[in-house]
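Have a look at the structure below before the remarks.
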Amino acid sequence: MPHPPSPLPHLTRRQSKILQAVAATLVALGLLLWWLLPLGKTPPSGTIIFSTGTRAGVYQKYGGLLNDAIHKDMPDLKVVLKDTAGSQENVRRVANGQSDFAIAAADAVENYLQNHDPHADTLRGVARLYDDYVQLVVPADSDIRTVEDLKGKRVSIGAPNSGVRLIADRVLKATGIDPDKDIQPKAYGIDTGPKLLGHDLDAFFWSGGLPTDGLRNLAEHSAIRFIPIQPSLVAKLHAEGESTRYYRATNMPASAYPSAQNNATVPTMAVSNLLITRSDVDPELVKWLTRTVINSRDRIGHDVHSAQLVDVRTAIYTDPVPLHEGARRYYRSVKP
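Laid out in structure tokens, this is it:
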């Protein structure tokens, strides 16, 4: 006659708590392994150089916050952040091997490719990030109302080799203004232009995420206005071909700089930003970095509002450069 099964031993309250703690630890360990499995168990180490942008600009702030996220995910990876003039310099630095990663606007990347500049064919995309908005700023009491009114004025068109310079030159030319002859061009960035507005400057161009700290501070302490970039002007730019196809007509939301916009949107144009690298950068490193970019969105977006737009569904669209193999592997690993 078979014996009935022995009853389960009774657990004391202390033993039950210990068992629950062990179970919770195993679950946490399993989640950690699930988190790391698509990437490999050992985070990359070494040193990388990351080009950002000018002080008071969004590129630099985003790069600094991304560096914090990288340090948490890859504690043995040292990131050297490099201040630069902006997109055009960043593309050149990555292509020439002076930097491993950089943020750059799509029009600047395409411009580099079309010029057949050195090592252009090595450029690769990691992620599409967020959009830059063109912001043309004047004092509130200025007689400048349209882009055409800039003729004869002292206008900052951005630092040489910046994305701002590329856009400002194109906007002016599309309006019939020669940047070298029809205005008094100044080469200031967002770190300097706001301080000189109304003194040594009548207007300045900026292209950056919304809001840009340097402009937000200016709007909160000075009376300024934004000059509209009308859709008809964007259409003229598109007709010129080249990398102007990356510009899209849009509106700067009223919430960008409330004190300067009087609850009104401002017609302008935008261009997408890309995180770029080179084809020879280690795929495993790029894979880890791509994950950090995607998963740090909310953390970084708390301080850089435009970073909230980073999305795994759109990050793969890094035109005009193909995705780096490491980034491709990451996106495949999280594809539903």
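Residue numbers (UniProt numbering): 1 to 336.
Ideal Cβ positions, reconstructed from N, Cα and C, are used throughout, including at glycine.
Label residue i either buried or exposed according to how many other C-beta atoms from any shown protein chain fall within 10 Å of its C-beta, with 16 as the threshold for buried.
i: GLY63; result: buried
i: residue 425; result: Since the first residue shown for the chain is 1 and the last is 336, residue 425 is missing from the structure and cannot be characterised.
i: GLY326; result: buried
i: LYS72; result: exposed
i: GLU240; result: exposed
i: GLY163; result: buried
i: HIS324; result: buried
i: ASP180; result: exposed
i: GLU148; result: exposed
i: ASN90; result: buried
i: GLN308; result: exposed
i: LYS186; result: buried
i: GLY287; result: A small fix is needed here, since residue 287 is Lys in this sequence, not Gly. When all chains shown are included, LYS287 counts as buried.
i: TRP35; result: Interpretation of TRP35 is limited by its pLDDT of 46, a score under 50 that renders its predicted location unreliable; no figure is taken from the coordinates.
i: GLN184; result: exposed
i: PHE99; result: At residue 99 the sequence reads Ser, which differs from the Phe that was named. SER99 comes out buried.
i: SER306; result: buried
If you draw a straight line from the alpha carbon of residue i to that of residue j, how long is it in whole angstroms?
i: THR47; j: SER243; result: 33 Å
i: ALA127; j: ILE316; result: 6 Å
i: VAL171; j: LYS41; result: 49 Å
i: ASP213; j: SER45; result: 32 Å
i: ALA219; j: THR84; result: 25 Å
i: ALA69; j: GLY176; result: 45 Å
i: SER296; j: TYR331; result: 15 Å
i: ALA102; j: GLN88; result: 10 Å
i: ASP76; j: LEU285; result: 12 Å
i: ILE49; j: ASP178; result: 37 Å
i: ARG92; j: THR52; result: 13 Å
i: ASN111; j: ASN96; result: 16 Å
i: ASP298; j: ALA223; result: 32 Å
i: PRO267; j: LEU233; result: 11 Å
i: GLY193; j: SER333; result: 44 Å
i: ARG328; j: VAL312; result: 11 Å
i: ALA174; j: MET74; result: 46 Å
i: GLN60; j: ALA270; result: 19 Å
The alpha helix (DSSP H) that contains residue i, what's its start and end?
i: GLY57; result: Segment: none, GLY57 is in no alpha helix (DSSP H) and carries neither H nor E.
i: SER232; result: 231-239
i: ARG225; result: Premise fails: ARG225 lies in the beta strand (DSSP E), 224-227, not in any alpha helix (DSSP H).
i: THR292; result: 283-295
i: ILE167; result: 163-174
i: LYS82; result: No alpha helix (DSSP H) holds LYS82; the beta strand (DSSP E) holding it covers 77-82.
i: PRO320; result: Where PRO320 is concerned, there is no enclosing alpha helix (DSSP H), given that its DSSP letter is neither H nor E.
i: PRO193; result: What sits at residue 193 in the sequence shown is Gly, not Pro. First-last of the alpha helix (DSSP H) with GLY193: 193-196.
Would you kindly report the start and end of the unbroken beta strand (DSSP E) that includes residue i?
i: GLY46; result: 46-51
i: GLN184; result: 184-186
i: THR250; result: 248-252
i: SER333; result: Unbroken run through SER333 is the alpha helix (DSSP H), 325-333; no beta strand (DSSP E).
i: ASN263; result: Premise fails: ASN263 is in no beta strand (DSSP E) and is neither H nor E.
i: ALA203; result: 203-208
Check whether the Cβ of residue i lies closer than 7 Å to any heavy atom of the ligand MN, and answer yes or no.
i: ALA106; result: Absent from the structure shown: the ligand MN. Ligands present: none.
Report task. Entirely within the stretch 90-156 and at least 4 residues each: give me those alpha helix (DSSP H) ranges in chain order. Result -> 106-114
Query raised in the report: With a cut-off of 8 Å, do at least 3 Cβ pairs link the stretch 142-155 to the stretch 259-277?
Result: no
**Report entry** Touching by the beta-carbon criterion (3+ pairs, under 8 Å), the stretch 205-218 and the stretch 122-137
**Finding:** yes
Query raised in the report: How about the stretch 102-121 and the stretch 316-325: do they share at least three Cβ pairs that are nearer than 8 Å?
Result: yes
Query raised in the report: Is the number of C-beta pairs between the stretch 136-145 and the stretch 114-124 that are closer than 8 Å three or more?
Result: no
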